[in-house]
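Have a look at the structure below before the remarks.
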Amino acid sequence: MMTMLAAADLNYTWSQALADLGQIAPIASLTGFLLFAIVADLVLPKQRRGDVVAMIAATGFAYSLATAVYRWSYADTGPAYHGYATGDKFALFFEVLFAILGILTVAVSHSYLRRRRMLEAEFHILILAAVIGMMVLASATSLVTVFLGLELLSIALYIATGFARGETASQEAAAKYLLVGGFASAFVLYGMALIYGGAGTTVIPDIATRLDSSSSGNPLILLGIVLMGVGFAFKVSAAPFHMWTPDVYQGAPLPVTAFMSVGTKAAAFAMIIRVFAGGLPHLAPEWQALLAFVAATSMIVGNLMAIAQSSLKRLLAYSGVAQAGYVLIGVIAGGQNGLAAVLFYLFSYMFMNFGAFGVITLLAGPEGDRDRLSDLDGLYRRSPLMAILMTVFMLSLAGFPPFVGFFGKLFLFTAGVSSGYTWLVVVAVLTSVVSVYYYVRVLIPVWSSSARTDRLESSISSTMAIALSGVLSLLLGLYPTTLLIAGQLGIPLNIFGP
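The sequence shown finishes on residue 524 if you use our numbering, and the numbering steps up by one all the way, no holes.
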């Protein structure tokens, strides 16, 4: 009898382990490819490592993407690993986004790393590790797992930022990112500790049931919300906690900047939605007030500071600060419309912002990055295709119809007005008008006459990645409702709590 019970218990444990592993299958498969890439980098001859590891990374991202798509119809919204992770459709959406971002990064960085004579294998391994951290953040349902994913992402990016080891600017950017990122992580960790002290658990759904509206009078909980909010604002590059962003973006190698500008922002918003909207729904007035202040400050500071920039990296860094403010409107609005608008905009932002950085990547030479506005002089003569694509990206970021940026902002602003945050939407509209100036300013040298006759060299993989981003920036604008995802794809609303 005891033997039968032990066998039954073993079978249950094994089936439960398989079920849990299935829920994090995209993460587990990508981790396998990461380990394979590390081994390949160790055993292969030096001259073959870069190409082989690039192929392993691209294959790993494609396999993880296919796994996430396959699991969409079988997504189990229940918890995995005793409530520490989940494989719900919210997590799968971000896993699809991050896998696509990984493929684009490999495609754009391959020729760039060759021109800059950088170690390609190590670069792709760092990107693999960073994407795994992002995926962990999206699937985390415990504060412990959230912090684990946050640190895995951060450590990989600290190293990637300083990847240009011979450049002082890159090393300085990595040091700044490490110091500021460490402070931000400390804020998040202290805030989580206070929430744990008030709720008695780190599991996010359990926190939602244990803390009700009466907890708003608990100073322990309020301080925890403030500390986490400050840390999250650092990670999402939102003002007034954005100081590191322009310097890090400018000093990091261009593919790292392109990857960070999209990936860290999307991962941080996944973390904010999980923790605030999913874990503290009854305390929404408290964290909504904090995020509303951050959103308004981000839109004003980001757009005004971008006007004065002559470096494309710094201009797009301040643009990213402003974009974080726009997305926060959807987070604050909450509900079906708010969640749908946030996910739509993050997915769209990946293509228009990464594509813009991708074009700038092509300007780089063996001596370093070329990210001045003057480096774009006569781009239409040097590469008509890239000039057209850069125009698409800038107009989309500015919010011109029929590009996807217009509809992304429209959905965010509509959700904000519907939730009673009309004043915040007014600020967003006014600052969006300001942003038109510096986005159009980028296009002036692109289409200006220039004596430069040198052709812009672009590899097939880079051209395809940038062209795909441009096509989707237009098509998703022409057919925006096909990606207004929360309703059509069935992302569960219980992410916002009961």
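Glycine included, C-beta positions come from ideal geometry on N, C-alpha and C.
DSSP state of residue i mapped onto helix, strand, coil
{"i": "Ile517", "result": "Any answer about Ile517 is weak, because its pLDDT of 47 lies below 50 and its placement is not dependable; what the coordinates show is given next. In the structure shown, Ile517 sits in coil (DSSP, three-state: anything other than H, G, I, E or B)."}
{"i": "Ser168", "result": "strand"}
{"i": "Pro52", "result": "helix"}
{"i": "Ala105", "result": "Sequence inspection shows Pro at residue 105; the Ala mentioned does not correspond to that position. Strand at Pro105."}
{"i": "Ser337", "result": "strand"}
{"i": "Gly391", "result": "strand"}
{"i": "Ala45", "result": "helix"}
{"i": "Ala201", "result": "helix"}
{"i": "Arg97", "result": "helix"}
{"i": "Phe62", "result": "helix"}
{"i": "Leu145", "result": "coil"}
{"i": "Ala83", "result": "helix"}
{"i": "Ala264", "result": "coil"}
{"i": "Thr187", "result": "helix"}
{"i": "Tyr505", "result": "coil"}
{"i": "Gly226", "result": "coil"}
{"i": "Asp35", "result": "At Asp35 the pLDDT is 48, less than 50, meaning the model places this residue with poor confidence and gives no usable figure here."}
{"i": "Gly384", "result": "helix"}
{"i": "Ala512", "result": "Its pLDDT being 44, under 50, Ala512 is placed unreliably by the model, and the measurement read from it follows with that caveat. The answer is helix: DSSP assigns Ala512 an H, G or I state."}
{"i": "Ser211", "result": "helix"}
{"i": "Phe295", "result": "helix"}
{"i": "Asp67", "result": "helix"}
{"i": "Pro311", "result": "helix"}
Of the residues the options, the one placed nearest residue i, counting alpha carbons only
{"i": "Lys414", "options": "Phe173, Ala382, Lys435 and Asp480", "result": "The displayed chain sequence assigns Ile, not Lys, to residue 414. Per the Cα distances, Ala382."}
{"i": "Phe209", "options": "Glu177, Phe377, Gly384 and Thr171", "result": "Glu177"}
{"i": "Pro272", "options": "Leu316, Ser337 and Leu246", "result": "Ser337"}
{"i": "Ser99", "options": "Phe119, His108 and Ile82", "result": "Phe119"}
{"i": "Ala359", "options": "Gly394, Ile386, Ala321 and Gly128", "result": "Ala321"}
{"i": "Ala350", "options": "Gly361, Ile326, Lys339 and Met144", "result": "Ile326"}
{"i": "Ile492", "options": "Phe59, Asp232 and Val134", "result": "Val134"}
{"i": "Phe377", "options": "Asn363, Asp403 and Ala284", "result": "Ala284"}
{"i": "Gly304", "options": "Ala315, Ala441 and Leu237", "result": "Leu237"}
{"i": "Thr194", "options": "Gln276, Ala182 and Ile298", "result": "Gln276"}
{"i": "Phe432", "options": "Tyr447, Ala454 and Leu411", "result": "Ala454"}
{"i": "Ala315", "options": "Ser240, Met160 and Val357", "result": "Val357"}
{"i": "Leu139", "options": "Val462, Ser242 and Ala278", "result": "Ala278"}
{"i": "Leu249", "options": "Gly175, Gly226, Ala182 and Met218", "result": "Met218"}
{"i": "Gly574", "options": "Pro266, Phe380 and Pro307", "result": "This structure does not reach residue 574, given that the chain is present from 27 up to 524, and the question cannot be answered."}
{"i": "Glu148", "options": "Gly104, Leu60, Ala234 and Leu127", "result": "Leu60"}
{"i": "Trp182", "options": "Arg191, Leu163, Leu317 and Ile158", "result": "Note that residue 182 is Ala in the sequence shown here, rather than Trp. Per the Cα distances, Ile158."}
{"i": "Leu179", "options": "Leu154, Arg191 and Arg396", "result": "Leu154"}
{"i": "Pro471", "options": "Leu402, Leu482 and Glu483", "result": "Leu402"}
Spatial neighbours of residue i in its chain, beta-carbon cut-off 7 Å, leaving aside the 5 residues before and after
{"i": "Tyr464", "result": "Ala332, Ile333 and Leu341"}
{"i": "Leu215", "result": "Phe173"}
{"i": "Ser458", "result": "Gly425 and Lys435"}
{"i": "Ser165", "result": "Ile50, Ile53, Ala111, Thr112, Gly113 and Ala117"}
{"i": "His150", "result": "Ala63, Val79, Ala80, Ala83 and Val132"}
{"i": "Val526", "result": "Outside the modelled stretch of the chain, which goes from 27 to 524, sits residue 526, for which no answer is possible."}
{"i": "Val274", "result": "Thr187, Ala199, Lys202 and Tyr203"}
{"i": "Tyr107", "result": "Asp46"}
{"i": "Val95", "result": "Val122"}
Beta-carbon proximity list for residue i, same chain, < 6 Å, skipping 5 on both sides
{"i": "Thr39", "result": "none"}
{"i": "Tyr222", "result": "Thr228"}
{"i": "Asn520", "result": "Because Asn520 sits at a pLDDT of 45, beneath the cut-off of 50, its placement in the model cannot be relied upon, and the following sentence gives the value as read from the coordinates. So the list is empty, once near-sequence residues are dropped."}
{"i": "Ile517", "result": "The predicted position of Ile517 is uncertain, since its pLDDT is 47 and thus under 50; a value taken from the coordinates is nonetheless stated next. Contacts found: Lys115 and Phe116."}
{"i": "Gly503", "result": "Pro428, Phe429, Val430 and Phe433"}
{"i": "Ser90", "result": "Pro52, Ser55, Leu56 and Ala125"}
{"i": "Val256", "result": "Phe213"}
{"i": "Ser263", "result": "Thr271, Gly346, Val347 and Ala350"}
{"i": "Gly289", "result": "Leu127 and Met160"}
Bounding residues of the alpha helix (DSSP H) (the contiguous stretch that carries residue i)
{"i": "Val132", "result": "Lys115 to Arg142"}
{"i": "Trp449", "result": "Thr448 to Val472"}
{"i": "Pro245", "result": "Pro245 to Lys261"}
{"i": "Leu482", "result": "Unbroken run through Leu482: none, as it is neither H nor E."}
{"i": "Ile230", "result": "Ile230 to Arg236"}
{"i": "Thr417", "result": "Pro410 to Ala424"}
{"i": "Ala278", "result": "Unbroken run through Ala278: none, as it is neither H nor E."}
{"i": "Arg302", "result": "The amino acid occupying residue 302 in the given sequence is Phe; Arg does not appear at that position. No alpha helix (DSSP H) holds Phe302; DSSP gives it neither H nor E."}
{"i": "Ser445", "result": "Premise fails: Ser445 is in no alpha helix (DSSP H) and is neither H nor E."}
Beta-bridge partners of residue i, as assigned by DSSP
{"i": "Arg398", "result": "Ser337"}
{"i": "Ala284", "result": "DSSP, once it has assigned bridges, lists no residue as partnering Ala284."}
{"i": "Ala111", "result": "Ala106 and Ala166"}
Close Cβ partners of residue i (< 8 Å) along its chain, the five nearest in sequence each way excluded
{"i": "Ser168", "result": "Gly109, Tyr110, Ala111, Thr228, Val229 and Ile230"}
{"i": "Phe437", "result": "Gly356, Asn363, Ala366, Ala367, Phe370, Tyr371, Pro506 and Leu510"}
{"i": "Thr489", "result": "Leu411"}
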